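Enquirer:
Residue numbers (the numbering used here): 216 to 314.
1) Can you grab the Cα-Cα spacing for the pair residue 258 / residue 234, in whole Å?
2) Using DSSP with H/G/I as helix, E/B as strand and the rest coil, what is residue 314?
3) Can you list, in chain order, the residues of its chain whose CB lies under 7 Å from that of residue 265, leaving out five sequence neighbours each side?
4) Taking the alpha carbon of residue 300 as the reference point, which residue from 279, 294, 292, 288 has its own alpha carbon closest?
5) Rounded C-beta distance between residue 231 and residue 312? I'm assuming under 8 Å.
6) How is residue 299 classed by DSSP in three states: helix, strand or coil?
7) Can you find the residues in the same chain that come closer than 6 Å, C-beta to C-beta, to residue 256, ignoring five residues on each side of it along the sequence?
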């Protein structure tokens, strides 16, 4: 049996980063994150047009981003818009990798 060392323990913040990287392993979600990293805020319809997918698919993908706290959601009348949570450590690290 092998001993567990502190080097093999994964912190909650590392687990969050791993999950975020898994999300970005999907080409559509990667494109969406990259698109937002170059913009302040975009509405779901704009994102769908630029990524080439449906509005419902974009909304579904953003639920995952929301669960991790990577994005901020704002309702503007009938539209729902998203922006990256620029204060988040994981967002900052991922944005550096993508640019």
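Yeah, the Cβ is synthetic: ideal placement off N, Cα and C, and Gly gets one too.
Since this is a predicted model, take the numbers as computed values, not measurements.
Expert: Checking against the coordinates, here is how it stands:
1) 24 Å
2) coil
3) 250
4) 288
5) Wrong, their Cβ atoms sit about 15 Å apart, outside the cutoff.
6) strand
7) 296, 298
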